[in-house]
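See below for the structure under consideration.
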Amino acid sequence: MNIIETTGLGRRYASRWALRDCTLSLPAGRLVALIGPNGAGKSTLLNIIVGLTAPTVGEITVLDGHPAGSLAALDGIAFVAQDMPLYRNLTVGDMLHLTRNLNLSFDTAAARLRLADLGISEKQKAGKLSGGQRAQLALSLALARHPRLLVLDEPTGPLDPLARHEFMASVMTAMADEGISVVLSSHMLAELERAADHLVLVANGRIRLNGPVEDLIDSHRLITSATARSDDHAGWEVIESSSTDALTHRVVRLHDPTMDLPPGCESRSVGIEELTLAYFRNGAAAPSATLTGASR
Amino acid sequence: MTALAAAPSIALRPVPWKRLAWVTWRRYRFTLISVLGILAVLTVSLFIAGQHARTAYEALQTCHPKSAANCRYLDETFHNTYGSIGFLGTFLMLLPGILGAFAGGPLLARELETGTFRYAWTQGVGRMRWAAALVVPGAVGIAMIMVSFGAVITWREQPLIEYGATTRLDVAIFPVSGLAVAGWAMAGFALGVLAGLLWRRVLPAVATAFGVWFGLAYLAAKDLRPHYLAPLQTTSLNLSSHNFFVSQWWTKAGVRVSDSEINRILQALGADVSGNQVKVHVSSGGAPDPIRTLIQQGYTQVTSYQPVSRYWTMQWIEFGWLAAFSLVLLGATFWLLHRRTG
Chain Y
1 MNIIETTGLG RRYASRWALR DCTLSLPAGR LVALIGPNGA GKSTLLNIIV GLTAPTVGEI
61 TVLDGHPAGS LAALDGIAFV AQDMPLYRNL TVGDMLHLTR NLNLSFDTAA ARLRLADLGI
121 SEKQKAGKLS GGQRAQLALS LALARHPRLL VLDEPTGPLD PLARHEFMAS VMTAMADEGI
181 SVVLSSHMLA ELERAADHLV LVANGRIRLN GPVEDLIDSH RLITSATARS DDHAGWEVIE
241 SSSTDALTHR VVRLHDPTMD LPPGCESRSV GIEELTLAYF RNGAAAPSAT LTGASR
Chain D
297 MTALAAAPSI ALRPVPWKRL AWVTWRRYRF TLISVLGILA VLTVSLFIAG QHARTAYEAL
357 QTCHPKSAAN CRYLDETFHN TYGSIGFLGT FLMLLPGILG AFAGGPLLAR ELETGTFRYA
417 WTQGVGRMRW AAALVVPGAV GIAMIMVSFG AVITWREQPL IEYGATTRLD VAIFPVSGLA
477 VAGWAMAGFA LGVLAGLLWR RVLPAVATAF GVWFGLAYLA AKDLRPHYLA PLQTTSLNLS
537 SHNFFVSQWW TKAGVRVSDS EINRILQALG ADVSGNQVKV HVSSGGAPDP IRTLIQQGYT
597 QVTSYQPVSR YWTMQWIEFG WLAAFSLVLL GATFWLLHRR TG
């Protein structure tokens, strides 16, 4: 079952396309990581998913075919926006009450318990909280709605490493306990290495790569061979290559992960970070249509 | 692609209005308290000034005979002290616009400026109900508050109206009394809300809203209000000052005579015509009155005016078009909000 389906989605601001040709089917019950450099179109895509922005072209449905931004979609999706916007002059307790009154269902007791565990007093003003506490408050408010989908836009950007780790741990716990689906955007590659189940790479407003992490790891290799023999091979697509006089290193995507490598090649698997960087360094050159087309 | 085909059939129960009322109250109670605070201070000062005017007016009325020196002194003092609206009166004329723009401007602009719209508009309630819960109580609330305050202003001006120093149709009283004041406050509020959505920043929104409001108020006072109903005409020189003067001109044998010609005749008679307006003042005795001389020569002075009896009719007209204008603005706001694509 897919939690998000988009077809040919695009969003234009004035004459610039922030996002285009975005066709995705994101599975439910997973942690989908949306990765890309700043200004790649990650926030635009997330804003369309939560109904804050309307697409210029294309279609999007969320949670069993509801149009994005419809009441049913809003009810089932909790969004933690970039920089956690909260009413700074309201207390934590007021934010709880406010969120309860803006939603059909809200688990006040659970939110109170979570905040107490985190040592966040309800009497504190939201504007006086530390970055980590703000993020945790925003997450608590979102989780207490018992959403089916949790959307997080750069949630860990402003946090220190410890707060970042705690935040991600909270997200993972909620996923395990309640089976909610998570879509998050980030440019912190390291923290996603273990957490993400599904990866969507975005650059220059286009989807570069999209698929389950295991499949992506399986199908990508770092191949080293003598520069003299570094011919192209029909069985793979070169994502990035660098050569010295003697050796050529290529990050490639294998069309068939079980294929036999040609003689004289050494191969090892690549991690998410290495893989992602290869795609981004090669961003302008890569023919995105073939990549997106092949990813499904 | 199965999910695309499975269209939802369950209608979602919306978040109750009662809960949204709490949200509105919690977020805007300080705005409400400060508006009421400002008005309370003004009410006290108007009450004190009104008491003084009333006492002075009573003394004036009970003074007999009217021609006695002390009575004329009282009359002159009353006129000099309370006859003009002064600084406070000017401020009161602008008050519906000021309060309206300050209450309406930040409503959407603050959310957009601080980014909290990303929180508010992604809650289960949806942005349309959320906005309705802010805008409707805001518009109705400010209208009701200003109607009450308009009653205080009317009470304050009562002695002056009775005395004839001003009229209920005067530009300084009409738009801040009766129902019209509610219309003007709503217009300021609606302008503020819309400007906030367009500007996405509080200060420019409030400034724009007030600027447009002021232009509209000026236009209404100068060009619209005198013509809500066809003005009456009279050739009487003793038109009661309770009425509202629209314009004056001279005719001879039923044909209108240009002002420059009248001025020429008056100058020939030795009258001072520094302004364009010829005063309707019939002096008794002394030098031959130029106006009377003109009349004797067969000229007739015509005055067009709005009788004070039309006060409520004109109030309803002014309230009506302002309410319609505000509704159009708020309708546009909701339409933009609905299709807004951040």
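Protein sequence lines, in the order shown, are assigned to chains Y and D.
The opening position of the first sequence corresponds to residue 1 in this note's numbering, with each subsequent residue numbered one higher.
The opening position of the second sequence corresponds to residue 297 in this note's numbering, with each subsequent residue numbered one higher.
A virtual CB, placed ideally from N, CA and C, is assigned to each residue, including glycine.
- For P147 of chain Y, there is no enclosing alpha helix (DSSP H), as DSSP marks it with neither H nor E.
- With 16 or more other CB atoms across the displayed protein chains lying within 10 angstroms of its CB, T6 of chain Y is buried.
- Leaving aside the five residues that flank T589 of chain D on each side, the residues in its chain whose CB is nearer than 6 Å to its CB run, in chain order, L565.
- Shown here for V421 of chain D: same chain residues with a beta carbon closer than 6 Å to its own, the five before and five after excluded, namely V311 in chain order.
- The shortest C-alpha to C-alpha distance from R323 of chain D to any of D:N559, D:T412, D:C367 and D:A628 is the one to D:T412.
- Residue contact check for P263 of chain Y against chain D: no CB pair falls below 8 Å.
- Note on the stretch 364-413 of chain D: whole alpha helix (DSSP H) runs with a minimum of 4 residues are 365-378 and 382-410, in chain order.
- Counting the other Cβ atoms within 10 Å of the Cβ of Q136 of chain Y gives 16 or more, which makes it buried.
- Taking CB atoms only, Y87 of chain Y has a neighbour in chain D less than 8 Å away.
- Per DSSP, the continuous alpha helix (DSSP H) segment holding S330 of chain D begins and ends at W313 to T358.
- Contact check for G333 of chain D against W509 of chain D fails: the beta carbons are separated by 8 Å or more.
- Secondary structure of D466 of chain D (DSSP, three-state): coil.
- Cβ-Cβ distances below 6 Å link F79 of chain Y to V50 and V151 in the same chain, with the five nearest sequence neighbours on each side left out; the list follows chain order.
- Beyond the five residues adjoining it in sequence on each side, T320 of chain D comes within less than 7 Å, by CB distance, of A429, L430 and P433 in the same chain, given in chain order.
- In the assembly as shown, T351 of chain D is an exposed residue. Its beta-carbon has fewer than 16 other beta-carbons within 10 Å.
- Comparing alpha-carbon positions, the option among D:I561, D:H523 and D:F615 lying closest to G594 of chain D turns out to be D:I561.
- Secondary structure at W417 of chain D: coil, using DSSP grouped into helix, strand and coil.
- Within the stretch 445-528 of chain D, the runs of alpha helix (DSSP H) at least 4 residues long that lie entirely inside it are, in chain order, 476-495 and 498-515.
- Cβ proximity to chain D below 7 Å picks out nothing from the stretch 166-196 of chain Y.
- Here the alpha carbons of G484 of chain D and F621 of chain D stand approximately 11 Å from one another.
- V202 of chain Y is bridged by DSSP to Y:I207.
- When Cβ pairs closer than 8 Å are counted between the two stretches, the stretch 83-96 of chain Y is seen to touch the stretch 123-140 of chain Y, the count reaching three or more.
- The Cβ-Cβ distance between Y601 of chain D and L535 of chain D falls below 8 Å.
- For the stretch 101-124 of chain Y, the set of residues with a beta-carbon nearer than 9 Å to any beta-carbon of chain D comprises N101, L102, N103, L104, S105 and F106, in chain order.
- Residues of chain Y whose Cβ lies closer than 9 Å to the Cβ of W318 of chain D are, in chain order, H97, L98 and N101.
- Chain-ordered, the chain Y residues with CB closer than 7 Å to the CB of G422 of chain D read L71 and L74.
- A residue is called buried when at least 16 other Cβ atoms come within 10 angstroms of its Cβ; H97 of chain Y meets this threshold and is buried.
- Nearest to L19 of chain Y by alpha-carbon distance, out of Y:A40, Y:R30 and Y:L34, is Y:A40.
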